[in-house]
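Residues in the sequence shown are numbered from 5 upward in steps of one, following this note's numbering.
Taking it in order: structure first as structure tokens, then the write-up.
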Amino acid sequence: MKRFFDCGLAVLGLIFLLPLLLLVAVMIKLDSTGPVFFRQRRVGLNGQLFAIFKFRTMVDGAYRMGSRLTTKRDPRVTRVGQILRWFKIDELPQLINVAIGEMSLIGPRPEDPHFVQFYTPAQRVALSVRPGIVGPSQILGRDELESYPEGLKDTERYYIDHILSEKLGRDMEYVKTATLSGDLKLLVHGLWVTLRGAIKTKYLWRRRRRIALIGADLLLSALSFWVAVLIRYEGDWPDDPRFALPPMLIVLLARPIALMYYGAYQGIPAYFGLWDVVAMFKAVSLSAVVTAGITFFVGLQKFPRSVFAIDWALVLFLLGSLRYGLRGWVRRDVRQQQPRKQPALIVGAGSGGEQISRMLLEDPLSPYRPIGFIDESADRWGSLIHGIRVLGGRAELPLALSANDVKAVFVCLSDLQDGEAQEVMGMCERKGVDYRVVPSLTDLLNTDVFTVERPGYAPQRSAARR
Numbered sequence: 005m006k007r008f009f010d011c012g013l014a015v016l017g018l019i020f021l022l023p024l025l026l027l028v029a030v031m032i033k034l035d036s037t038g039p040v041f042f043r044q045r046r047v048g049l050n051g052q053l054f055a056i057f058k059f060r061t062m063v064d065g066a067y068r069m070g071s072r073l074t075t076k077r078d079p080r081v082t083r084v085g086q087i088l089r090w091f092k093i094d095e096l097p098q099l100i101n102v103a104i105g106e107m108s109l110i111g112p113r114p115e116d117p118h119f120v121q122f123y124t125p126a127q128r129v130a131l132s133v134r135p136g137i138v139g140p141s142q143i144l145g146r147d148e149l150e151s152y153p154e155g156l157k158d159t160e161r162y163y164i165d166h167i168l169s170e171k172l173g174r175d176m177e178y179v180k181t182a183t184l185s186g187d188l189k190l191l192v193h194g195l196w197v198t199l200r201g202a203i204k205t206k207y208l209w210r211r212r213r214r215i216a217l218i219g220a221d222l223l224l225s226a227l228s229f230w231v232a233v234l235i236r237y238e239g240d241w242p243d244d245p246r247f248a249l250p251p252m253l254i255v256l257l258a259r260p261i262a263l264m265y266y267g268a269y270q271g272i273p274a275y276f277g278l279w280d281v282v283a284m285f286k287a288v289s290l291s292a293v294v295t296a297g298i299t300f301f302v303g304l305q306k307f308p309r310s311v312f313a314i315d316w317a318l319v320l321f322l323l324g325s326l327r328y329g330l331r332g333w334v335r336r337d338v339r340q341q342q343p344r345k346q347p348a349l350i351v352g353a354g355s356g357g358e359q360i361s362r363m364l365l366e367d368p369l370s371p372y373r374p375i376g377f378i379d380e381s382a383d384r385w386g387s388l389i390h391g392i393r394v395l396g397g398r399a400e401l402p403l404a405l406s407a408n409d410v411k412a413v414f415v416c417l418s419d420l421q422d423g424e425a426q427e428v429m430g431m432c433e434r435k436g437v438d439y440r441v442v443p444s445l446t447d448l449l450n451t452d453v454f455t456v457e458r459p460g461y462a463p464q465r466s467a468a469r470r
């Protein structure tokens with residue numbers, strides 16, 4: 005009877021969930037290289053081995069890289085994998101194992117053969133029934149990772165010593181008292197725990213700032229879409245007020261998902277920069293294309309596609325402004341506590357000088373404020389780099405030092421010819437201005453050995469270890 009129940013529900017589930025399974029498969033392939041399914045040996049009925057089906061949530065070959073168990077903040081988990089694990093969607097392909105008779109809908113958790121060798125003879129009674137997708141251990145141990153201490157070195161040892169015996173105790177109790185009605189109760193309970201477990205109070209509180217940002221983005225997205233419709237209809241709302249409601253709801257669903265996928269909510273507000281802008285651009289563009297496609301295929305062909313283009317531009321401006329505002333707000337205390345920044349010159353307007361200027365501008369703790377570049381390339385004179393003017397060549401350096409009351413000069417070696425750096429340092433010494441000899445970040449990353457020599461100081465040498 006139980007086998008008939010398992011097989012029937014598994015086949016119906018696979019048919020009903022087929023669109024979702026196909027969508028997840030496409031997302032996995034787009035997100036990372038490797039197969040759609042993760043297949044690994046598990047111990048089934050009477051100790052027989054079988055290959056379990058799960059959606060792959062880690063990088064390909066993850067289990068050859070370290071622990072057999074997932075660890076807290078496991079770097080092997082992919083972006084899509086995090087979402088699948090959160091909602092337990094990665095478990096759905098196990099319906100295939102149920103349909104072919106290797107598993108049951110309800111039963112003990114299928115275990116890795118490595119850990120089964122630690123079972124006592126009494127505990128092996130858990131292998132006398134088919135393992136299940138849902139069971140006492142799967143329900144009570146849904147957040148098993150939370151039970152691992154921070155900084156744990158040997159996850160497998162901790163699992164064997166502290167978790168395995170407790171889990172097997174629940175499985176053994178299930179085997180002794182299993183009934184069809186009890187299985188139905190466990191199935192309903194398991195579905196409820198999965199839905200409820202997707203909303204974790206502790207996690208929500210820990211991520212309250214991100215959640216607040218998501219809420220703000222939703223409000224701005226709704227505002228942007230509303231304004232886009234008004235612009236498209238030249239200030240008049242469509243005759244049917246519900247005309248724009250379905251597309252707006254699709255936008256409000258697709259946009260936060262796209263922003264989450266591209267990591268727009270994982271950044272630190274104080275360091276919002278170019279990478280975050282690019283991620284936001286990708287997310288807004290993807291959500292606009294997806295929304296336009298969905299509205300077309302669900303019978304909303306009459307809705308003007310130009311609204312999505314207008315909304316795309318507006319929401320990029322609004323979301324970007326919000327994040328730049330947050331960056332300024334977070335950095336306000338640092339700015340208030342810092343003394344007034346001292347004016348500085350950067351000698352070299354190539355890639356090295358550009359990197360130095362960007363770091364000085366973006367670092368709220370920097371004691372210096374770049375006010376100009378000195379560079380020998382006449383084509384760059386008068387140009388702006390991050391809003392900082394190229395004042396001229398070495399001939400203009402003495403006047404630039406005096407006119408701007410410069411307190412420090414950053415000499416970028418990678419942008420200067422042989423002998424030019426020595427001449428610049430000599431000018432600074434005659435003027436009594438401090439100078440810093442700075443290699444570019446590219447130089448530091450691309451050379452095994454870098455040596456800086458400065459008059460009056462011993463050479464500073466850094467050698468990369470092989």
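From the three backbone atoms N, C-alpha and C, an ideal C-beta is built for every residue, glycine too.
Quantities reported herein were computed from a predicted structural model and do not represent experimental measurements.
Check	Outcome
Rounded to whole angstroms, what is the Cα-Cα separation between M62 and R80?	5 Å
How long is the line joining the alpha carbons of E424 and V410, rounded to whole angstroms?	20 Å
With respect to the beta strand (DSSP E) encompassing I167, which residues constitute its N-terminal and C-terminal limits?	I167 -> no beta strand (DSSP E), and no H or E assigned at all.
Mind reading off the beta-carbon distance from Y265 to R83? Whole number of angstroms is fine, and I expect it under 8 Å.	6 Å
For the alpha helix (DSSP H) holding L26, just list the boundary residues, first then last.	L22 to D35
Is it true that the CB of I392 sits closer than 8 Å to the CB of S361?	yes
Over what stretch of residues does the alpha helix (DSSP H) that includes I137 continue unbroken?	Element bounds for I137: not the alpha helix (DSSP H) but the beta strand (DSSP E), G136 to V138.
Just to confirm, are L304 and P251 a CB contact at a threshold of 8 Å?	yes
Could you tell me whether the Cβ atoms of P97 and F59 are closer together than 8 Å?	yes
Are L1 and I378 touching if we call contact CB-CB under 8 Å?	In the structure as shown, the chain starts at 5 and stops at 470, and residue 1 therefore has no counterpart that could be examined.
Quick check: does the Cβ of H118 come within less than 7 Å of any heavy atom belonging to the ligand FAD?	For the ligand FAD, the structure offers nothing, since it holds no ligand at all.
Go to D438, then tell me how far its beta strand (DSSP E) extends in each direction, as first and last residue.	D438 to V442
Check this for me: beta carbons of E125 and Y178, under 8 Å apart or not?	Residue 125 is actually Pro in this sequence, not Glu. Result no, Cβ atoms of P125 and Y178 do not sit closer than 8 Å.
Helix, strand or coil, according to DSSP, for L156 in the structure here?	coil
Going by DSSP, name the residue or residues bridged to R46.	F54
Please go through the same chain and pick out, in chain order, the residues whose beta-carbon is closer than 8 Å to the beta-carbon of L148, but skip the five residues on each side of it.	With the sequence shown as reference, residue 148 is identified as Glu, and Leu is not the correct amino acid for it. Here the set comprises I167.
Tell me whether S406 sits in a helix, a strand or coil according to DSSP, three-state version.	helix
Along the chain, which unbroken stretches of the alpha helix (DSSP H) at least 4 residues long are found entirely within the region 257-322?	278-301
Would D10 be called buried (16 or more neighbouring beta carbons within 10 Å of its own) or exposed?	buried
Leaving out five residues on either side along the sequence, give the residues of the same chain with a beta carbon under 7 Å from the beta carbon of L224.	V319, L322, L323 and L326
To the nearest angstrom, report how far apart Y162 and Y152 are at their CA atoms.	8 Å
Looking only at its chain, what residues have a beta carbon closer than 7 Å to the beta carbon of A274, apart from the 5 residues adjacent to it on each side?	R331, V334 and R335
Roughly how many whole angstroms lie between the Cα atoms of G186 and F57?	25 Å
Taking the alpha-carbon positions, what's the S228 to V138 distance?	44 Å
Please confirm whether C432 and G356 have their CB atoms less than 8 Å apart.	no
Which residues in the same chain as A404 place their Cβ atom closer than 8 Å to its Cβ, once the five residues preceding and following it in sequence are excluded?	L349, G376, I378, L395, G396 and V410
Per DSSP, what are the beta-bridge partners of Q98 in this structure?	Answer by DSSP bridge pairing: none, since Q98 is not bridged.
Taking the DSSP output, what are the residues bridged to R393?	L388
Quick one: is A296 buried, meaning 16 or more other Cβ sit within 10 Å of its Cβ, or exposed?	buried
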